[in-house]
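For the sequence shown, position 76 matches number 76 in the UniProt record's numbering, and the numbering has no gaps at all.
Yeah, the Cβ is synthetic: ideal placement off N, Cα and C, and Gly gets one too.
In this text, all values refer to a predicted model and were calculated from it rather than measured experimentally.
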Amino acid sequence: MSEELFDLIIVGAGPAGLTACLYASRSLLKTLLLEKGPIGGQDLIENYPGFPGGISGYELIERIQKQLEDYEYQFLQEEVIDLQEVEEVKEVHLSSGKVLKAKAVILALGAKLRKLGVPGEREFTGRGVSYCAICDGPFFKGEEVAVIGGGNTALQEAIYLTKYVKKVYLIHRRETFRATSILQERVKKNPQIEIIVPSVIEEIKGSDKVEKIVYRNLKSNEKRELEVAGVFIFIGHEPETGWLKGKLEMDESGFIIVDREMRTSRPGIFACGDCVSKKFRQIINACGEGAVAALNAEEYIKNLEK
Numbered sequence: 001m002s003e004e005l006f007d008l009i010i011v012g013a014g015p016a017g018l019t020a021c022l023y024a025s026r027s028l029l030k031t032l033l034l035e036k037g038p039i040g041g042q043d044l045i046e047n048y049p050g051f052p053g054g055i056s057g058y059e060l061i062e063r064i065q066k067q068l069e070d071y072e073y074q075f076l077q078e079e080v081i082d083l084q085e086v087e088e089v090k091e092v093h094l095s096s097g098k099v100l101k102a103k104a105v106i107l108a109l110g111a112k113l114r115k116l117g118v119p120g121e122r123e124f125t126g127r128g129v130s131y132c133a134i135c136d137g138p139f140f141k142g143e144e145v146a147v148i149g150g151g152n153t154a155l156q157e158a159i160y161l162t163k164y165v166k167k168v169y170l171i172h173r174r175e176t177f178r179a180t181s182i183l184q185e186r187v188k189k190n191p192q193i194e195i196i197v198p199s200v201i202e203e204i205k206g207s208d209k210v211e212k213i214v215y216r217n218l219k220s221n222e223k224r225e226l227e228v229a230g231v232f233i234f235i236g237h238e239p240e241t242g243w244l245k246g247k248l249e250m251d252e253s254g255f256i257i258v259d260r261e262m263r264t265s266r267p268g269i270f271a272c273g274d275c276v277s278k279k280f281r282q283i284i285n286a287c288g289e290g291a292v293a294a295l296n297a298e299e300y301i302k303n304l305e306k
């Protein structure tokens, strides 16, 4: 495989990368899809068109994968650590030492969960600190837990947790939430959810597992302790673009800057999904960007061959 020249290498197999792969393989481009880990997805998407009642992120990804079975492409589960350019050829370097070559590359890298960075977070991860309500919620049946964050994911997970826990303390550093109005209304009407704003977590405490948190009110500067069995953290994402520093133009947070055609600052390198700099991060946006990136990559490759 290392001696092959692909038309297109897509790095990342989330919704954006899978959609790009679907469009590229339908266009008969010689395509390789790379993914370093298991493909996941959020627990429920309520606003994806065509699915009354919603669809889970896992199921949506499975459906796209099923569509891809009708087309030819190659898949490799390996980590990309570098991207080089030798004239018009892109060289994708893998952690295994392999070097893959392509005429164009689409970066659909996604983003990783942002950590609080407070004492106790790392020590109690897996022992009360969690970043996935659907994974760990059932372990806290009848308990009181804290959810940290103010976006759609935080509010969705807080609502989801009320299926299992006795009470959810929803803690956000601002007085207003960033989540959609409908989610805010659901949270406010839920008797199992208590909102604590504007406050920040200072410490997570316990012995063998989480027992309490220390939080500080940003208005009064008063610190309080709250007894909880679990802490669920949903404070946004960080792009997985560190290995691209200095190679592509990025914003101050490390998200890749692209134009309307999903072109990066380097010809033949495109980016889409949660790794790009933008205002809204929705799965439907990611899928659309994946399609645009693939269509423009196809056009770029055709122009190379003229």
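Tell me whether the beta-carbon of residue i lies closer than 8 Å to the beta-carbon of residue j.
i	j	result
T162	I195	no
A297	F270	yes
A146	I45	no
K36	F6	no
Q117	F234	Checking the sequence shown, residue 117 turns out to be Gly, not Gln. No, these two residues do not count as a Cβ contact at 8 Å.
A133	I10	no
I171	Y131	no
R173	V200	yes
A291	T125	no
E240	A16	no
V89	K101	yes
I64	L22	yes
E202	K219	no
L34	I106	no
E305	F232	no
K209	G128	yes
Quick check on residue i: does DSSP put it in helix, strand or coil?
i	result
D136	helix
S207	coil
Q192	coil
A13	coil
L60	helix
T153	helix
A271	strand
Could you name the residues of the same chain whose beta carbon sits closer than 7 Å to that of residue i, not counting the 5 residues immediately before and after it, in chain order?
i	result
Y300	A104, G268
H237	A111, K112, L113, R114, D274
E143	V165, K166, A229, G230
E211	K205, E227
N190	I159, T162
V197	H172, R174, E175
C287	P15, A16, T19
Skipping 5 residues on each side, what residues in its chain have a beta carbon closer than 8 Å to that of residue i?
i	result
S265	L248, E249, I257
S25	T31, L68, Y71, E72, Y73
Y48	G54, I55, L60, I283, I284
E87	none
S253	E238, P239, S277
P138	Y164
L244	L83, L107, M250, I256
Residues in its own chain within less than 6 Å of residue i by CB, not counting five upstream and five downstream?
i	result
L155	A179, L183, V187
Q84	E91
S95	E79, I81
residue 323	Because the chain in this structure spans residues 1 to 306, residue 323 falls outside the shown range and cannot be described.
D136	S130
Q77	E35
In the DSSP assignment, what residue or residues form a beta bridge with residue i?
i	result
E144	K167
T31	L8
V276	I256
I159	Per DSSP, none; premise fails for I159.
I284	Note: I284 sits in no beta bridge, so no partner.
I301	In the DSSP output, where bridge partners are listed per residue, I301 has none listed.
Answer with yes or no whether the minimum CB distance from residue i to chain C is below 8 Å.
i	result
R260	In the structure shown, chain C cannot be found, because there is only a single protein chain.
Worksheet item: In the stretch 194-265, which residue ranges form an unbroken beta strand (DSSP E) of at least 3 residues, counting only runs that do not cross its ends?
Response: 199-206, 210-217, 223-227, 230-233, 237-239
Fill in: Sequence ranges, alpha helix (DSSP H) only - wholly within the stretch 63-147, length at least 4
133-136
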